[in-house]
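Colleague: This is the structure, below, for whatever I ask next.
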Amino acid sequence: MIAKDYTILDPHGMHARPAAVLLKLARLYKSTIILKKDEMQVQTKSILNILALSAKCGDTISVIIEGADEPEAAKAIDTFFNDILK
Amino acid sequence: MNGIGVSPGISIGKAYLFKKTEISVSGNILENDEDKQIESEKFKKAVSDSIAGIEAFKLNKSFPTDREEIEILETQIEFLSDPQIESDVLDKINNEFKTAGDAVIEVIAAAAQMLRNIEDEYISARASDIQDIGNRILNHLNNNFSAMNLSGKDNIVIAEDISPSDTITFDITKIAGFATILGGKTSHTAIIAKAKGIPAVVGCGAGLAKIEENDTVIIDGSTGEVIIRPDQNTIKSYIEKQKIFAEVNALLKTLKNISPITTDGHKINLYANISSAVDLGQVFENGGEGVGLLRSELLFMGRTSFPNEEEQFQFYKQVAVNSGNNPVVVRTLDIGGDKHLPYFKIPPETNPFLGYRAIRICLDQKEIFITQLKAILRAGIFGKLKIMFPMICNADEVKQAKGCVQEAMEELTTSGIEFDRNTELGIMIEIPSAALMADILAKEVDFFSIGTNDLCQYTLAVDRMNNKISELYTHFNPGVLRLIYNVTEQAHKHKKHVGLCGEMASDPLATLLLLGMGLDEFSMGAASIPAIKNIIIRNSMSDAREVCRKVMKMENSVTITSYLKEVMR
Numbered sequence: 023m024i025a026k027d028y029t030i031l032d033p034h035g036m037h038a039r040p041a042a043v044l045l046k047l048a049r050l051y052k053s054t055i056i057l058k059k060d061e062m063q064v065q066t067k068s069i070l071n072i073l074a075l076s077a078k079c080g081d082t083i084s085v086i087i088e089g090a091d092e093p094e095a096a097k098a099i100d101t102f103f104n105d106i107l108k
Numbered sequence: 109m110n111g112i113g114v115s116p117g118i119s120i121g122k123a124y125l126f127k128k129t130e131i132s133v134s135g136n137i138l139e140n141d142e143d144k145q146i147e148s149e150k151f152k153k154a155v156s157d158s159i160a161g162i163e164a165f166k167l168n169k170s171f172p173t174d175r176e177e178i179e180i181l182e183t184q185i186e187f188l189s190d191p192q193i194e195s196d197v198l199d200k201i202n203n204e205f206k207t208a209g210d211a212v213i214e215v216i217a218a219a220a221q222m223l224r225n226i227e228d229e230y231i232s233a234r235a236s237d238i239q240d241i242g243n244r245i246l247n248h249l250n251n252n253f254s255a256m257n258l259s260g261k262d263n264i265v266i267a268e269d270i271s272p273s274d275t276i277t278f279d280i281t282k283i284a285g286f287a288t289i290l291g292g293k294t295s296h297t298a299i300i301a302k303a304k305g306i307p308a309v310v311g312c313g314a315g316l317a318k319i320e321e322n323d324t325v326i327i328d329g330s331t332g333e334v335i336i337r338p339d340q341n342t343i344k345s346y347i348e349k350q351k352i353f354a355e356v357n358a359l360l361k362t363l364k365n366i367s368p369i370t371t372d373g374h375k376i377n378l379y380a381n382i383s384s385a386v387d388l389g390q391v392f393e394n395g396g397e398g399v400g401l402l403r404s405e406l407l408f409m410g411r412t413s414f415p416n417e418e419e420q421f422q423f424y425k426q427v428a429v430n431s432g433n434n435p436v437v438v439r440t441l442d443i444g445g446d447k448h449l450p451y452f453k454i455p456p457e458t459n460p461f462l463g464y465r466a467i468r469i470c471l472d473q474k475e476i477f478i479t480q481l482k483a484i485l486r487a488g489i490f491g492k493l494k495i496m497f498p499m500i501c502n503a504d505e506v507k508q509a510k511g512c513v514q515e516a517m518e519e520l521t522t523s524g525i526e527f528d529r530n531t532e533l534g535i536m537i538e539i540p541s542a543a544l545m546a547d548i549l550a551k552e553v554d555f556f557s558i559g560t561n562d563l564c565q566y567t568l569a570v571d572r573m574n575n576k577i578s579e580l581y582t583h584f585n586p587g588v589l590r591l592i593y594n595v596t597e598q599a600h601k602h603k604k605h606v607g608l609c610g611e612m613a614s615d616p617l618a619t620l621l622l623l624g625m626g627l628d629e630f631s632m633g634a635a636s637i638p639a640i641k642n643i644i645i646r647n648s649m650s651d652a653r654e655v656c657r658k659v660m661k662m663e664n665s666v667t668i669t670s671y672l673k674e675v676m677r
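Chains as they are written, first to last, in the numbering used here: chain A, 23 to 108; chain B, 109 to 677.
Below is the structure:
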């Protein structure tokens, strides 16, 4: 299992378009990817559920990755939060 | 009529009324498993048909599609294939015996409501996206399609709201503008219009329903104005405005990524004055490289009590995060004078502008001041924030203010809260005494920022609001210029940064003069940046110094302005 925290830098937060990008990205890996904010947690399978996290700019999201290809998936998630969502 | 201008530009055209048919719940109950099977299949087919429709649209090369728009379409596909929505719909069909249509209406309504409840304008605005997805599926379920029938190229689309699906039916080359009853800055109409460079006004309210098909309509996407059935003179004046807008826009586009460097290689900082993180987008769009003045008052207004440290921290943090590595100068609370807070009563004064205001209040009410300082210091670790004290009139005030910063830092250290220890401290130079004793004050601070509006008013003893004496109010008065000259000279002697954040920074007549005095930074409303940059990149520092030398010998503001006009020609 790999767990890492990210701060949302996009002024509009985790809105619909980046959420869709994340979804597509997650689909490329076998690992289960879970996003956690406060007491709420969701899998990266439903765009609706990702939006329901209502992650705003400055919020911290914990990402938990578990599965056979978790190092690769973690790298992709890193790129997403650091380069795409900003 | 007025709405929110979301995509700048002026359009004059004929109204095209865009109406949608609403599909309502049938209330039918399914009778057996076979029906359930049929409805489930119908739903799945409607979804896959909807996806196929969007895919086909994406490939349609005749429609000019940019990256942002493709992302919107792909997001629609994600909503359409969302496992949560699918399982909720199938659940309603199989366990509540609802028709596919009814199930879709209910599930979509619940999802839209969920998004609306999220306290974030950008996410809650996506409720209309999900509603739109629902309509797409319903249209496929009912074989119900209405295409737009546009003729000519000057159509102004008048609608309640415009959804991503609607855009698919539009022939964008025939649309000159959008005006909608609903919607805000982040609505789909706004995004699409901006991406396409089509003027748009949203949130006009019910008054828009007065417009009839083919009425002549003018919309101004910068000011949010909508004019219905204008007369010939109005049309003429708007055609003129259209021309000016096109010229300015062309200039703006060419300058955005050019650095403000004089022809002989002097780099100048062109910053913007802002009120909150929302304004930052416009700053960067106009090529601004930082913020020379963040007025913190917005945070304190429209409330019933002072914001606490956490609320303030969030406000500054958002600015810090969104400005990345660009510097942001935060001015501490500047109330009093003509700015009052309903929850902080100041007894009536004979001369409020010479009274209890700005730093004078802060040094008197230290709790308020230290709370703000702590919030700014904490937010500093997310970006490059600087702190600036307004209305300084002597060195003792600077020392006291710095003492408060020290106190704030100690409190944060004791509580083990992280903050930026290296936050730069500066002062506004807006009182003549401060300008005259710049040599003394320079030793106390990291930077100066000249506030020419108040400096003029105090130096000339002219009330800016008094029309009878408005001719006396000019920043080209040689007395005012000597004060500014002294400030820049002393700042450089002590190797301190000096900026100017008043109206004068955006006055094209003053640019060369200030440059020649050695001003390091010009901070102004974001929209003025391209025009000022245009002057800087076309002139040399040695020419600017020459202009300054000449102006400083002139005796009155009339001679100075006419000389500067001559130079700028």
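Beta carbons are placed, not taken as given, at the ideal position from N, Cα and C, and that holds for glycine.
Could you work out which residues of chain B lie near A/I69, taking near to mean beta carbons separated by less than 7 Å?
Modeller: Residues of chain B passing the Cβ test: E186, F187 and D190.
Colleague: Determine, for A/R39, whether the minimum Cβ-Cβ distance to residues of chain B falls below 8 Å.
Modeller: With 8 Å as the cut-off, A/R39 counts as an interface residue toward chain B.
Colleague: So, do the segment 557-572 of chain B and the segment 586-601 of chain B have three or more beta carbon pairs nearer to each other than 8 Å?
Modeller: The answer is yes - the segment 586-601 of chain B touches the segment 557-572 of chain B, with three or more Cβ pairs under 8 Å.
Colleague: To the nearest angstrom, how far is the alpha carbon of B/I495 from that of A/S53?
Modeller: When rounded, the distance between both Cα atoms is 46 Å.
Colleague: Check the Cβ-Cβ distances between B/D237 and every residue of chain A, and say whether any is below 8 Å.
Modeller: Chain A contact via Cβ: present.
Colleague: Take B/I335 and list the residues in its own chain whose beta-carbon comes closer than 6 Å to its own, dropping the five residues that flank it on each side.
Modeller: Contacts found: I326.
Colleague: Find out if the Cβ-Cβ distance for the pair B/I343, B/I306 is shorter than 8 Å.
Modeller: No, these two residues do not count as a Cβ contact at 8 Å.
Colleague: Of the choices B/I489, B/I535 and B/G396, whose alpha-carbon is the least far from that of B/K73?
Modeller: Here chain B covers residues 109 to 677 and nothing more, so residue 73 of chain B does not appear.
Colleague: Under 8 Å, do A/G80 and B/Q480 count as touching if we go by C-beta distance?
Modeller: No, they are not a contact pair.
Colleague: By alpha-carbon positions, which one of B/F490, B/R529, B/Q340 and B/F477 ends up nearest to B/S431?
Modeller: The shortest Cα separation from B/S431 among B/F490, B/R529, B/Q340 and B/F477 belongs to B/F490.
Colleague: Note down, in chain order, every chain A residue with its Cβ under 7 Å from the Cβ of B/K425.
Modeller: Correct list: G80.
Colleague: From B/K551 to B/C501, what distance separates their C-alpha atoms?
Modeller: Computed Cα separation, rounded: 15 Å.
Colleague: Identify which residue in B/A380, B/R224 and B/T522 has its Cα closest to the Cα of B/K641.
Modeller: Of B/A380, B/R224 and B/T522, the residue nearest in Cα terms is B/A380.
Colleague: Cβ of B/S631 within 8 Å of Cβ of B/L360?
Modeller: Not a contact, by the Cβ cut-off of 8 Å.
Colleague: So, do the segment 459-469 of chain B and the segment 512-524 of chain B have three or more beta carbon pairs nearer to each other than 8 Å?
Modeller: They do not touch, by the three-pair rule.
Colleague: Taking 8 Å as the CB-CB limit, is B/N430 close to chain A?
Modeller: True, the Cβ-Cβ gap to chain A drops below 8 Å.
Colleague: Could you spell out where the alpha helix (DSSP H) holding B/T412 opens and where it closes?
Modeller: Unbroken run through B/T412: none, as it is neither H nor E.
Colleague: Per DSSP, which one or two residues make a beta bridge with B/S631?
Modeller: Answer is B/Y379, bridged to B/S631.
Colleague: Distance cutoff 8 Å, beta carbons only. Does B/Q422 sit that close to anything in chain A?
Modeller: At least one chain A Cβ lies under 8 Å of B/Q422.
Colleague: Leaving out five residues on either side along the sequence, give the residues of the same chain with a beta carbon under 6 Å from the beta carbon of B/Q508.
Modeller: The residues are L471.
Colleague: Along the segment 46-58 of chain A, where does the CB come closer than 7 Å to a CB of chain B? Name the residues.
Modeller: Against chain B - using a Cβ distance shorter than 7 Å - the segment 46-58 of chain A contributes no residues.
Colleague: Give me, in chain order, the residues of the same chain whose beta-carbon lies closer than 7 Å to that of B/K595; leave out the 5 immediate sequence neighbours on both sides.
Modeller: First, the residue type needs correcting, since residue 595 of chain B is Val and not Lys in the sequence shown. Result list for B/V595: I537, A543, A546, F556, I558 and V606, in chain order.
Colleague: Does any CB atom of chain A fall closer than 8 Å to the CB of B/E182?
Modeller: Judged by the 8 Å Cβ criterion, B/E182 is in contact with chain A.
Colleague: Do we get a CB-CB distance below 8 Å when we pair B/I112 with the residues of chain A?
Modeller: Chain A contact via Cβ: absent.
Colleague: Looking only at its own chain, which residues have a Cβ that is under 8 Å from the Cβ of B/S148, when we skip the five neighbours before and after it?
Modeller: Excluding residues within five positions, the ones whose Cβ falls inside 8 Å are L198, I201, N202 and A208.
Colleague: Strictly below 9 Å CB to CB, what residues from chain A border B/A736?
Modeller: Nothing about residue 736 of chain B can be read from this structure; chain B reaches only from 109 to 677.
Colleague: Of the choices B/C512, B/I120, B/G291 and B/M222, whose alpha-carbon is the least far from that of B/G260?
Modeller: Cα-wise, what sits closest to B/G260 is B/I120.
Colleague: With a CB to CB cut of under 6 Å and the five nearest residues on each side skipped, what residues in its chain are close to B/P116?
Modeller: Around B/P116: G329 and S330.
Colleague: Helix, strand or coil for B/V399, going by three-state DSSP, please let me know.
Modeller: Of the three classes helix, strand and coil, the one that applies to B/V399 here is strand, per DSSP.
Colleague: For B/K166, which of B/I376, B/K153, B/T183 and B/F151 has the nearest alpha-carbon?
Modeller: Cα-wise, what sits closest to B/K166 is B/T183.
Colleague: To the nearest angstrom, report how far apart B/N394 and B/P616 are at their CA atoms.
Modeller: Approximately 16 Å between the Cα atoms of the pair.
Colleague: Quick check: what's the CA-CA separation for B/E674 versus B/K661?
Modeller: Rounded to whole angstroms, B/E674 to B/K661 spans 16 Å at the Cα level.
Colleague: Taking 8 Å as the cut-off, decide whether the C-beta atoms of B/I469 and B/Y424 are in contact.
Modeller: Not in contact: B/I469 and B/Y424 (Cβ atoms no closer than 8 Å).
Colleague: Can you pull the chain A residues whose beta carbon is under 8 Å from the beta carbon of B/M179, in chain order?
Modeller: Reading off the sequence, residue 179 of chain B comes out as Glu, not Met. What B/E179 touches in chain A: R39, A42 and V43.
Colleague: Round the Cβ separation of A/E88 and A/Y51 to the nearest angstrom and send it over; I've been treating them as touching at under 8 Å.
Modeller: No, A/E88 and A/Y51 are not in contact; Cβ-Cβ is about 11 Å, not under 8 Å.
Colleague: Would you call the CB atoms of B/L316 and B/A287 closer than 8 Å?
Modeller: Result yes, Cβ atoms of B/L316 and B/A287 sit closer than 8 Å.
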